[in-house]
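One structure is given below, encoded as structure tokens.
There are 2 protein chains.
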Amino acid sequence: MDVRDLPTPLLAVDAAALEHNVLTMATLRPGRSLRPHVKAFKSTELARYVETTGGHHSFCAATLRELEGLSAAGIGDDLLLANETLDAARLARLVSSSDALITVAVDSPETVRAASDAGASVLIDVDVGLPRCGCPPGSAGKLADLARSLGTEVRGVMGYEGHVVGRADRATRSEGVERSMELLRAAHADVGGDVVSAGGTGTFDLHDWASEVQAGSYLLMDTHYAALGLPFRLALEVEATVISSSDDRGWAVLDAGLKSFGMDHGDPSVPGWQVFFCSDEHTTLVPADGGPALPRVGDRVRMQPAHVDPTVAYHEQIVVVDGDDIVETWPVDLRNW
Amino acid sequence: MDVRDLPTPLLAVDAAALEHNVLTMATLRPGRSLRPHVKAFKSTELARYVETTGGHHSFCAATLRELEGLSAAGIGDDLLLANETLDAARLARLVSSSDALITVAVDSPETVRAASDAGASVLIDVDVGLPRCGCPPGSAGKLADLARSLGTEVRGVMGYEGHVVGRADRATRSEGVERSMELLRAAHADVGGDVVSAGGTGTFDLHDWASEVQAGSYLLMDTHYAALGLPFRLALEVEATVISSSDDRGWAVLDAGLKSFGMDHGDPSVPGWQVFFCSDEHTTLVPADGGPALPRVGDRVRMQPAHVDPTVAYHEQIVVVDGDDIVETWPVDLRNW
Numbered sequence: 000m001d002v003r004d005l006p007t008p009l010l011a012v013d014a015a016a017l018e019h020n021v022l023t024m025a026t027l028r029p030g031r032s033l034r035p036h037v038k039a040f041k042s043t044e045l046a047r048y049v050e051t052t053g054g055h056h057s058f059c060a061a062t063l064r065e066l067e068g069l070s071a072a073g074i075g076d077d078l079l080l081a082n083e084t085l086d087a088a089r090l091a092r093l094v095s096s097s098d099a100l101i102t103v104a105v106d107s108p109e110t111v112r113a114a115s116d117a118g119a120s121v122l123i124d125v126d127v128g129l130p131r132c133g134c135p136p137g138s139a140g141k142l143a144d145l146a147r148s149l150g151t152e153v154r155g156v157m158g159y160e161g162h163v164v165g166r167a168d169r170a171t172r173s174e175g176v177e178r179s180m181e182l183l184r185a186a187h188a189d190v191g192g193d194v195v196s197a198g199g200t201g202t203f204d205l206h207d208w209a210s211e212v213q214a215g216s217y218l219l220m221d222t223h224y225a226a227l228g229l230p231f232r233l234a235l236e237v238e239a240t241v242i243s244s245s246d247d248r249g250w251a252v253l254d255a256g257l258k259s260f261g262m263d264h265g266d267p268s269v270p271g272w273q274v275f276f277c278s279d280e281h282t283t284l285v286p287a288d289g290g291p292a293l294p295r296v297g298d299r300v301r302m303q304p305a306h307v308d309p310t311v312a313y314h315e316q317i318v319v320v321d322g323d324d325i326v327e328t329w330p331v332d333l334r335n336w
Numbered sequence: 000m001d002v003r004d005l006p007t008p009l010l011a012v013d014a015a016a017l018e019h020n021v022l023t024m025a026t027l028r029p030g031r032s033l034r035p036h037v038k039a040f041k042s043t044e045l046a047r048y049v050e051t052t053g054g055h056h057s058f059c060a061a062t063l064r065e066l067e068g069l070s071a072a073g074i075g076d077d078l079l080l081a082n083e084t085l086d087a088a089r090l091a092r093l094v095s096s097s098d099a100l101i102t103v104a105v106d107s108p109e110t111v112r113a114a115s116d117a118g119a120s121v122l123i124d125v126d127v128g129l130p131r132c133g134c135p136p137g138s139a140g141k142l143a144d145l146a147r148s149l150g151t152e153v154r155g156v157m158g159y160e161g162h163v164v165g166r167a168d169r170a171t172r173s174e175g176v177e178r179s180m181e182l183l184r185a186a187h188a189d190v191g192g193d194v195v196s197a198g199g200t201g202t203f204d205l206h207d208w209a210s211e212v213q214a215g216s217y218l219l220m221d222t223h224y225a226a227l228g229l230p231f232r233l234a235l236e237v238e239a240t241v242i243s244s245s246d247d248r249g250w251a252v253l254d255a256g257l258k259s260f261g262m263d264h265g266d267p268s269v270p271g272w273q274v275f276f277c278s279d280e281h282t283t284l285v286p287a288d289g290g291p292a293l294p295r296v297g298d299r300v301r302m303q304p305a306h307v308d309p310t311v312a313y314h315e316q317i318v319v320v321d322g323d324d325i326v327e328t329w330p331v332d333l334r335n336w
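Line by line, the protein sequences give chains A and B. Note that numbering that gives the first Met the number 0 has the first sequence beginning at 0, numbered continuously upward. Note that numbering that gives the first Met the number 0 has the second sequence beginning at 0, numbered continuously upward.
Pasting the structure below:
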């Protein structure tokens, strides 16, 4: 089937680029040294592809719904909620229904108690420089003690250097990882356990101490990560249709806009032309210096998102393509909460 | 049922504010002088509420899916695709299956032919200053002639002054409407027809010539529109849970982020505190000058989106609340394409 027979906008993922990304990562960080992060793509079938093609069996997620979906589909045997939750009842249902080991990040007495009530294992989430979740490194040991006193298995520590992963310069990223891992080392000394979980797509090859890296964006990529010189290809585009165009007035209008793209990293890019602005269901294109003439009404155009995660979360399916041929259609079934 | 028993993040809509907005608009622009725009809320049940409570029976939409949903639910008798489409086959299925009059905006020979092939009526979409869809005013008559030569009913013109609706100053908006309507008047003189469709929430009461105003944001509102001094109340909030907090370090973390908010108009607001930054599934809050202490782990907090349309499009349901009591739960069933 031809992708041009589907209505637009749609998420088109290049099959060869996706395979390249999976295999490249699996070579550099094989098996359990990578914990693929489902938040970037929210699709059970894409996770299954990563498990079978990449050979990774530990996964992480940002929401309970993402984990519930993986668990119900029997994907992975070691599932981590790399985030805090207070919903002990829902976590308990997941733990009791899952064949996988369920682990959850904790950074407070409240989240330790929720995990303990649910019967989940925990990683102590440590603040390594990003002002978000994570306890101060000096409090990690005390939280681990509390968890163990409640009979909860403490598997180790987690520390996400999210303030570093997107920095343009590799040396800057590397120094940032080193500083963050110093903090995580101190916490790990107090906590113990086999698991040290850290990193992201931008720092996946800068970790030599962490036992595993959490990365998801490497699979589909976006223009922001593409600027970092990583060995992954831009696999994700949004296919749109030109619904209005006028050479006289100097612009063309695509039928994909603010409801098709996460906009926090800026406008999408459209190779060959310049994005003038996006509105709810439209993007207005103007010619680029020395570029081709504007596309014509009815043409299909592929657009490159600036931020993969909140882009995918707007769509109901991922269409895997080889040129215009549809190879697979995967529901984005793990969105919402 | 209590909204605090539902998982977060969730879209909470204040029942009284919503009713106020519907009734206020219905008083100022009764019946067919308002064409409620479904793109702002993408929910069949909310459209039904607007029809029964507000007494409007003409609706417009930005996507075929939105119109298909309204039509299948029997909402409205006059449904306008206020956007261009080349998908004649899908439009034809809608026309032949619907009890409502189906009209579509056209701005090119290609879109006229698609409408004609589908058996839809048309409005000639005229560029009145926003560089997006719409033909030059001087070409409108020729497009109308083409449509009529193909046996298609031309109901009139449409011109959206989207470059004006969000301007902070009312006098500036009013002058902008006047300039845009001059252009639309010229086009209408060449096109004819009973329908002159224009406007939006920010200019709903600045039109004295258009036969109808298209507005949808007035129903739920957002912080951007709330700054314009309109007679509508902010009805929409995203309810989140505090999952991490530390008075020592000076921030608290909510479980709603980039996948819960359209970000093109900027960060959401959280009354009482200051938003430091949003990431995929988190927002980090810091204290505001003279404001209250940070919320505690487990607290529920309501957040105000900056742009309603792309915010709602991330969510699967709207929970209508009276305080913490759930009054209605309406699926956001018209998202995607």
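Even glycine gets a Cβ: it sits at the ideal position worked out from N, Cα and C. Everything numeric in this text was worked out from a predicted model, so none of it was measured.
- The shortest CA-to-CA distance from residue 229 of chain A to any of A:236, A:269, A:87, A:220 is the one to A:220.
- Residue 141 of chain B is not a Cβ neighbour of residue 331 of chain B, given a cutoff of 7 Å.
- Neighbours of residue 132 of chain A in chain B, taken as residues whose beta carbon is under 8 Å from its own, are 242, 243, 252, 281 in chain order.
- Taken in chain order, the whole alpha helix (DSSP H) runs of length 4 or more contained in the region 24 to 108 of chain A are 43 to 48, 63 to 71, 87 to 96.
- Nearest to residue 259 of chain B by C-alpha distance, out of B:301, B:56, B:191, is B:301.
- Neighbours of residue 86 of chain B in chain A, taken as residues whose beta carbon is under 7 Å from its own, are 6 in chain order.
- Of all alpha-carbon atoms in B:47, B:31, B:8, B:124, the one lying nearest the alpha-carbon of residue 18 of chain B is that of B:47.
- For residue 329 of chain B, the number of other beta carbons within 10 angstroms of its own is at least 16, and it is reported as buried.
- Measuring C-alpha to C-alpha distances from residue 279 of chain B to each of A:309, A:283, A:253 identifies A:309 as the nearest.
- Sequence-distant partners of residue 100 of chain A (beyond 5 residues in either direction) whose C-beta falls short of 8 Å from its own C-beta, in its chain, are 76, 77, 78, 120.
- Residue 282 of chain A and residue 186 of chain A have their C-alpha atoms roughly 48 Å apart.
- Taking a cut-off of 8 Å for Cβ pairs, the region 234 to 246 of chain B and the region 0 to 15 of chain B touch, as three or more such pairs fall below it.
- Residue 32 of chain B and residue 70 of chain A have their C-alpha atoms some 52 Å from each other.
- Contact of residue 309 of chain A with chain B is assigned, a C-beta pair being separated by under 7 Å.
- Cα atoms of residue 298 of chain A and residue 114 of chain B: separation of roughly 18 Å, rounded to the nearest angstrom.
- Residue 227 of chain B and residue 144 of chain B have their C-alpha atoms some 40 Å from each other.
- In the structure shown, residue 149 of chain A falls within a coil segment according to DSSP collapsed to helix, strand and coil.
- Ranked by Cα distance from residue 28 of chain B, the options B:319, B:150, B:199 are led by B:199.
- Straight-line spacing of the CA atoms in residue 165 of chain B and residue 201 of chain B works out to 6 Å.
- Considered as a whole, the region 148 to 199 of chain A harbours 169 to 190 as its complete alpha helix (DSSP H) runs of no fewer than 4 residues, in chain order.
- Under a 10 Å Cβ-count criterion, residue 88 of chain B is classified as exposed, with fewer than 16 other Cβ atoms of the shown protein chains found around its own Cβ.
- Among the residues of chain B, those whose CB is under 7 Å from the CB of residue 83 of chain A are 242, 243, following chain order.
- With respect to the 7 Å criterion, residue 157 of chain B and residue 193 of chain B are not classified as neighbours on the basis of their beta carbons.
- For residue 202 of chain B, no alpha helix (DSSP H) encloses it, and the DSSP letter there is neither H nor E.
- Under the 7 Å criterion on CB atoms, residue 141 of chain A is classed as non-interfacial with respect to chain B.
- Shown here, residue 308 of chain B sits in a helix according to DSSP, grouped into three states.
- Contact residues of the region 48 to 64 of chain A toward chain B are 61, 62, 63 (C-beta to C-beta distance below 8 Å).
- Non-local C-beta neighbours of residue 249 of chain B in its own chain, meaning closer than 8 Å and more than five positions away in sequence, comprise 285, 286, 293, ordered along the chain.
- Contact check for residue 107 of chain A against residue 269 of chain B fails: the beta carbons are separated by 7 Å or more.
- Take residue 315 of chain A, set aside five residues on each side of it, and the residues of its chain with a beta-carbon closer than 7 Å to its own are 330, 331, in chain order.
- Cα atoms of residue 104 of chain B and residue 14 of chain B: separation of roughly 33 Å, rounded to the nearest angstrom.
- Under DSSP, residue 276 of chain B forms a beta bridge with B:283.
- Residue 168 of chain B and residue 174 of chain B have their C-alpha atoms roughly 10 Å apart.
- Counting of Cβ neighbours within 10 angstroms places residue 148 of chain A among the exposed residues, the total staying below 16.
- Note that the C-beta distance between residue 160 of chain B and residue 179 of chain B is below 7 Å.
- For residue 11 of chain A, no alpha helix (DSSP H) segment is defined; the enclosing uninterrupted segment is the beta strand (DSSP E) at 9 to 13.
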